[in-house]
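Residue numbers (my numbering): 1 to 259.
Heads up, the beta-carbon is just placed ideally off N, CA and C, and yes, glycines get one too.
Have a look at the structure below, then the notes.
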Ligand code: 1GP
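In structure tokens:
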């Protein structure tokens with residue numbers, strides 16, 4: 001089954017959880033073991049990527065070790081540049097950082113990466129990547145030369161998300177950045193979900209560290225959750241977060257929008 005179909009089918013049942021692994025933070029074998037535990041904890045896919053330049057040294061080996069250990073759940077690349085691609089992955093978030101100041105992250109890296117993706121037949125998952133203000137500057141913001149969307153101005157996120165939908169993109173990622181002080185707001189998530197509807201999956205990530213936050217974001221309409229830091233720091237909390245995501249159900253989105 002294609003990765004996109006896998007996500008679509010799973011989302012019919014519950015929101016999904018993806019574990020993010022940064023290849024420069026541990027050895028490829030350790031990454032593989034971590035991915036195995038994440039799968040056992042209920043994670044639905046492993047994302048591999050990061051915004052630090054040295055990840056490239058370990059990327060291929062990390063993807064191979066992770067694939068070897070997780071078997072049937074997909075391994076999806078989350079590349080910061082065209083060079084952060086590996087032919088061993090199942091799919092790639094073919095992403096454009098729509099609120100970057102630099103055309104490099106909006107379309108130039110993609111122009112170069114597309115050729116590699118075609119050559120190795122990696123499944124592309126088209127995604128709008130949006131950096132949201134989250135308390136302090138993050139690597140994603142700095143590395144992507146982004147103009148973060150203010151937390152209290154969700155209407156800008158809605159504008160970008162609708163543009164992404166009209167471009168035919170299938171995912172919109174509201175990114176607080178790894179280790180963000182504050183996760184994205186429920187109001188922003190609800191407004192974006194309401195605008196893009198069923199056609200586009202809303203991904204949230206950055207600074208999700210407890211199950212209450214995860215649950216409220218699920219109620220606000222988030223389809224996919226990405227966590228990185230908490231899985232490394234606190235495996236028990238990590239499990240609880242995944243559990244609360246799976247129990248989440250969308251409430252009336254208008255309630256979030258009007259408050
Ligand atoms: C970063 O959103 C992800 O791209 C994960 O963030 O490390 O804060 O979970 P955390």
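Residue pairing of residue 124 in beta bridges, as defined by DSSP: 92. With a cut-off of 6 Å, the C-beta of residue 144 is classified as distant from the ligand 1GP, since no heavy atom of the ligand falls inside that distance. In the three-state scheme derived from DSSP, where H, G and I count as helix and E and B as strand, residue 231 is classed as helix. Taking C-beta atoms as the reference points, residue 86 and residue 116 fail to come closer than 7 Å. Not one heavy atom of the ligand 1GP lies closer than 6 Å to the C-beta of residue 81. If the five residues before and after residue 211 are omitted, its C-beta is found closer than 6 Å to the C-beta atoms of 240, 241, 244, all from its own chain and listed in chain order. In the three-state reduction of the DSSP assignment, residue 186 falls in the helix class, which pools H, G and I. For residue 19, the secondary structure class from DSSP, reduced to helix, strand or coil, is strand. Straight through space, the alpha carbons of residue 50 and residue 181 are spaced by roughly 18 Å. Taking a C-beta distance under 7 Å as the contact criterion, residue 218 and residue 248 qualify as a contact pair. Bounds of the beta strand (DSSP E) holding residue 175 are 171-175. Non-local C-beta neighbours of residue 33 in its own chain, meaning closer than 8 Å and more than five positions away in sequence, comprise 69, ordered along the chain. Per the DSSP secondary-structure output, residue 97 pairs in a beta bridge with 129.
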